[in-house]
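Report on the following structure.
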Amino acid sequence: MKEPSAEPSSTGYPASPAELSRRKFLARLSLAAGGVGALIVTLPVAGFILAPFFKRTQEVWRSVGKVESFKTGETVAVQYEDASPLPWAGVTARSAAWLRRVNAGTFIAFSINCTHLGCPVRWLAEANLFMCPCHGGVYYEDGTVAAGPPPLPLRRYPVRVKNGEVEIQTAPIPIIKK
Amino acid sequence: MDDRTGLPGMIARTARHLVPPDAKWWYVFGSATLCAFIVQVISGIALAFVYIPSASEAYSTIHFISEEAPFGHFLRGLHYYGASAMVLMVSLHMAQVFLFGSYKFPRELNWATGVLLLGFTLLMGFTGQLLRWDQNAVWSVVVAAEQTARVPFIGKWLAHLTLGGDTVGGATLTRFFAIHVFIMPALILAFVGLHLWLVLRHGVSEPPKPGKLVDPKTYRQEYQQLLEKTGRPFWPDAAWRDVIFCVGMIVVITVLAWLSGAPQLGKPPDPSLIAASPRPDWYLLWYFAVLALLPYGMEKYFMVFGPLLAGLLLIALPFISNRGERSPRRRPWAVAAVLMIAVMIATLWVAGAKSPWSPNFNAPPLSPSIVGATNGPVFIGAQLFHAKGCLNCHLIAGDGGRRGPDLTAVSDRLSKNQMTLKIANGAVNMPAYAAKLTPAEMDALLAFLQSRKIQRP
């Protein structure tokens, strides 16, 4: 025969096996119901917060100026708008790239982000070098690493000429995993 | 009230709980940290009355708070110096607890929750810096994303999460606002509650005595006997020191806030403005220096495993050693470790503040008095030295950058051939200029560098 439980029943006497079983059931029911309640609230909240990060932003072409406004051999900073800025993004929707006109119809666009830690590299026109202000990474004019900590060359963006306009394809900030 | 709520009695019992009699000024840093946190909550709520956490508005609201709102400049300063005080006090509290061996049995979890609170405090500091939403903040987010990207497997996803998308934009600031204003304060409150509960449960540790060892079998009984014999009520016998120290700290924070206000707001948060040199606030400058000074190739491991290992090691400390000697007089390695960490952080901090590894883009051309010529090869060489970016990294008579060697007297240590080789081939931190200089330019540059020697009488 089963030992009477030491747990008190609602009447003050030791709980019977039936009462214990009921308690166990009620405890499990409460926990399960609580879990379902938490999931109902948490899942949409987590989805709301995290889902946008799994959505790939579509890349679009942005005009950065007329072809004739760029001199051959010159490297200049150009500004354009991100692919799909949120309405409240303000000036943070802007991006920039270093653009060089190689010849009449050929352009190269470099990312402004240093491949070391993403700081904005500057173009030293007379030295023909890109230099990073953060940790002194240096790149040659073709974007290859000249000195310092950058692990990779500067990222290049696709460029095209369309209807007399130079267009750069928008791209995410280059995230370097190396 | 006591009958209905039980609160007055509970508060009185808590306030008058017994503490060891000789727990004196060394024990004020924990309460000072809490005090600084309360200053942060109050000043933060006040700032939130005006601040708009929108990528397009935040900068102008901070500008309005700083320049136009009554007491706004002071309030931002109060929030900034309050954050600085919180970082400083939590660090001092941790050092004191470590030196006194207070993390040992039975207070292992007091220590572990404290380590988490240190991490939360630093995270609050970093996210707070970003809420200024100026150019520095925007580029700091990019740098943070690049660092999180180094985490194996989930790095890219974490970077995406940090940026709030593919690029800095509308979603970036609101993430950090939610973290800074809701998530982190909630976590801090929860863990401060747990930390204080553990302090009450295990009691304030008695100051260590050399030779008095912690033995988990007897410690609780001995501690209880000590309290029964010589214990004093926390309020007011011990609390008065906490109050005086906290008020003193608030006075210092307030005076600093009145005198110097908040940090200068940088340029607008426009990622297309390229002339930016992102820097963290002072409490993370040492980490900025670490990333700059590590050998290339090692930093990617350090970025991921450095903070993780440091955190794990700190949390694990009381579980590795929770008994034995507590007195710093008998634990020379503990004292040495604290001193070493303090000296290391101070040194790195000074290095971070000077940032000698960063090129100096603002170096003006060398003056005629330094060049020593107004025409000819030396003069042309000096102009080239500036134009080709050499001066960004090298010092000449105190002008220029500090990334490369000081070339004020380069001719005293390098021959013409050695200079030619260096310039042509470059080095780890210097680009090769062979293809960037005409023979005539190289000759002029060498003429200038050969003229750099110590003038002897």
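These protein sequence lines map, in sequence, to chains C and P. Using the numbering used here, the first residue of the first sequence is number 7, and each one after it goes up by one. Using the numbering used here, the first residue of the second sequence is number -18, and each one after it goes up by one. Every residue, glycine too, gets a C-beta built ideally from N, C-alpha and C. In this text the structure is predicted, and so the values were computed from the model without any measurement.
### Message
Going by DSSP, what residue range makes up the beta strand (DSSP E) through PHE136 of chain C?
### Response
Run containing PHE136 of chain C: 135 to 137, per the beta strand (DSSP E) assignment.
### Close-in-space but distant-in-sequence residues of the same chain around VAL316 of chain P (CB under 6 angstroms, 5 per side omitted)
If we look at VAL316 of chain P and ignore the five residues flanking it on each side, its Cβ neighbours are PRO309.
### Query
If you measure beta-carbon to beta-carbon, which residues of the stretch 372 to 387 of chain P are closer than 8 angstroms to chain C?
Within the stretch 372 to 387 of chain P, the residues whose Cβ lies closer than 8 angstroms to some Cβ of chain C are ASN373, CYS374, ARG384, listed in chain order.
### Task
Indicate whether the contact test is met: 3 or more Cβ pairs, each with one atom in the stretch 31 to 50 of chain P and one in the stretch 114 to 126 of chain P, closer than 8 angstroms.
Put simply, the stretch 31 to 50 of chain P touches the stretch 114 to 126 of chain P. At least three CB pairs are less than 8 angstroms apart.
### Query
What residue range is occupied by the uninterrupted alpha helix (DSSP H) comprising LEU272 of chain P?
Segment 266 to 274, the alpha helix (DSSP H) holding LEU272 of chain P.
#### Entry: Integer Cβ distance of ILE361 of chain P from ALA390 of chain P, believed to fall under 8 angstroms
Not confirmed; about 21 angstroms, so no contact.
### Task
Give the residues from the stretch 90 to 102 of chain C that approach chain P closer than 8 angstroms (Cβ to any Cβ), ordered along the chain.
Listed by position, the residues of the stretch 90 to 102 of chain C near chain P (Cβ gap below 8 angstroms) are PRO91, LEU92, PRO93, TRP94, ALA95, GLY96, VAL97, THR98, ALA99, ARG100, SER101, ALA102.
#### Entry: Beta bridge counterpart(s) of THR78 of chain C as assigned by DSSP
DSSP, once it has assigned bridges, lists C:ARG107 as partnering THR78 of chain C.
### Message
For a quick check, are the C-beta atoms of PRO2 of chain P and ARG213 of chain P less than 9 angstroms apart?
### Response
Taking the C-beta atoms as reference points, ARG213 of chain P is found nearer than 9 angstroms to PRO2 of chain P.
### Query
Pick from P:LEU177, P:THR108, P:ILE135: whose alpha carbon is nearest that of ILE160 of chain P?
Residue P:THR108 is the option with its Cα nearest to ILE160 of chain P.
#### Entry: Residue from P:ALA416, P:ILE(-8), P:PRO386 whose Cα sits closest to the Cα of LEU181 of chain P
Out of P:ALA416, P:ILE(-8), P:PRO386, P:ILE(-8) has the C-alpha closest to the C-alpha of LEU181 of chain P.
### Message
Is the beta carbon of HIS141 of chain C closer than 9 angstroms to that of SER339 of chain P?
### Response
Yes, these two residues count as a Cβ contact at 9 angstroms.
### Message
When you compare the CB positions of ASP147 of chain P and PRO164 of chain C, do they come within less than 9 angstroms of one another, or not?
### Response
Going by C-beta atoms, ASP147 of chain P is not nearer than 9 angstroms to PRO164 of chain C.
#### Entry: CB contact check: ARG62 of chain C to chain P, cutoff 9 angstroms
Any Cβ of chain P closer than 9 angstroms to the Cβ of ARG62 of chain C would place that residue at the interface, and such an atom is present.
#### Entry: Neighbour flag for ASP251 of chain P against chain C, beta carbons, 9 angstroms
Any Cβ of chain C closer than 9 angstroms to the Cβ of ASP251 of chain P would place that residue at the interface, and such an atom is present.
### Query
Secondary structure at LYS8 of chain C, three-state DSSP: helix, strand or coil?
Because LYS8 of chain C sits at a pLDDT of 48, beneath the cut-off of 50, its placement in the model cannot be relied upon, and the following sentence gives the value as read from the coordinates. For LYS8 of chain C, the secondary structure class from DSSP, reduced to helix, strand or coil, is coil.
### Message
So SER258 of chain P contacts chain C; which residues on that side make the cut at Cβ distance below 8 angstroms?
### Response
Result: CYS125, PRO139, CYS140.
### Message
Contact criterion: CB-CB distance below 9 angstroms. Does TYR62 of chain P meet it with respect to chain C?
### Response
False, the Cβ-Cβ gap to chain C never drops below 9 angstroms.
#### Entry: Sequence-distant residues of the same chain with beta carbon closer than 6 angstroms to HIS141 of chain P, five excluded per side
So no residue of the chain qualifies.
### Message
How far does the alpha helix (DSSP H) with LEU37 of chain C in it extend, from its first residue to its last?
### Response
Residues 23 to 60.
### Message
What does the alpha-carbon distance come out to for the pair ALA27 of chain P and GLY53 of chain P?
### Response
CA-to-CA, the gap between ALA27 of chain P and GLY53 of chain P works out to about 9 angstroms.
#### Entry: Close Cβ partners of PHE101 of chain P (< 8 angstroms) along its chain, the five nearest in sequence each way excluded
Once the five neighbours on either side are set aside, the close Cβ partners of PHE101 of chain P are MET165, LEU168, ILE169, PHE172.
### Message
Give me the residue from P:ARG384, P:LYS369, P:LEU266, P:ARG394 with the minimum Cα distance to ALA416 of chain P.
### Response
Distance from the Cα of ALA416 of chain P is smallest, within the candidate group P:ARG384, P:LYS369, P:LEU266, P:ARG394, for P:LYS369.
### Message
Quick check on the burial criterion: 16 or more other C-beta atoms within 10 angstroms. Buried or exposed for GLU74 of chain C?
### Response
Exposure of GLU74 of chain C is indicated by the presence of fewer than 16 other C-beta atoms within 10 angstroms of its C-beta.
### Query
What span of residues does the beta strand (DSSP E) with VAL127 of chain C cover, start to end?
Taken as a continuous stretch (DSSP letters only), VAL127 of chain C belongs to no beta strand (DSSP E), as it is neither H nor E.
### Task
Confirm, please, whether the CB-CB distance from PHE366 of chain P to LEU347 of chain P is below 9 angstroms.
Judged by beta-carbon spacing, PHE366 of chain P lies within the 9 angstroms limit of LEU347 of chain P, meaning their Cβ atoms are closer than that value.
### Query
Nearest-angstrom Cα distance between ALA50 of chain P and ALA323 of chain P?
Their backbone Cα atoms lie some 39 angstroms apart in a straight line.
### Task
Along the beta strand (DSSP E) that carries TYR145 of chain C, what are the first and last residues, could you check?
Counted as a single uninterrupted DSSP element, the beta strand (DSSP E) harbouring TYR145 of chain C occupies residues 144 to 146.
### Task
Go ahead and label ALA39 of chain C buried or exposed: buried means 16 or more other beta carbons lie within 10 angstroms of its beta carbon, across all protein chains shown.
Note on ALA39 of chain C: under 16 other CB atoms within 10 angstroms of its CB, so exposed under the neighbour-count rule.
### Query
Can the beta-carbon of ALA17 of chain P be found closer than 9 angstroms to that of MET70 of chain P?
Between ALA17 of chain P and MET70 of chain P, the CB-CB gap stays under 9 angstroms.
### Task
Inspect the CB distances between the stretch 26 to 42 of chain C and the stretch 60 to 68 of chain C and report whether three or more fall short of 8 angstroms.
The stretch 26 to 42 of chain C vs the stretch 60 to 68 of chain C: no contact.
### Query
Cβ atoms of LEU(-1) of chain P and LEU474 of chain P: under 9 angstroms apart, would you say?
In the structure displayed, chain P extends from -18 to 438; residue 474 of chain P sits before or after that span and is not available.
### Query
the stretch 154 to 173 of chain C: which residues have C-beta closer than 7 angstroms to a C-beta of chain P, in chain order?
Only GLY154, PRO155 from the stretch 154 to 173 of chain C bring a Cβ to less than 7 angstroms from some Cβ of chain P.
### N- and C-terminal bounds of the beta strand (DSSP E) containing VAL68 of chain P
Not the beta strand (DSSP E): VAL68 of chain P falls in the alpha helix (DSSP H), residues 53 to 80.
### Message
Can you tell me whether TRP83 of chain P is buried or exposed? The criterion is at least 16 other CB atoms within 10 Å of its CB, across all chains shown.
### Response
Checking the displayed sequence, the identity of residue 83 of chain P turns out to be Ser instead of Trp. Buried is the call here.
### Query
Does the Cβ of PHE429 of chain P have 16 or more other Cβ atoms within 10 Å, making it buried, or fewer, making it exposed?
By the beta-carbon neighbour count (other beta carbons within 10 angstroms, threshold 16), PHE429 of chain P is buried.
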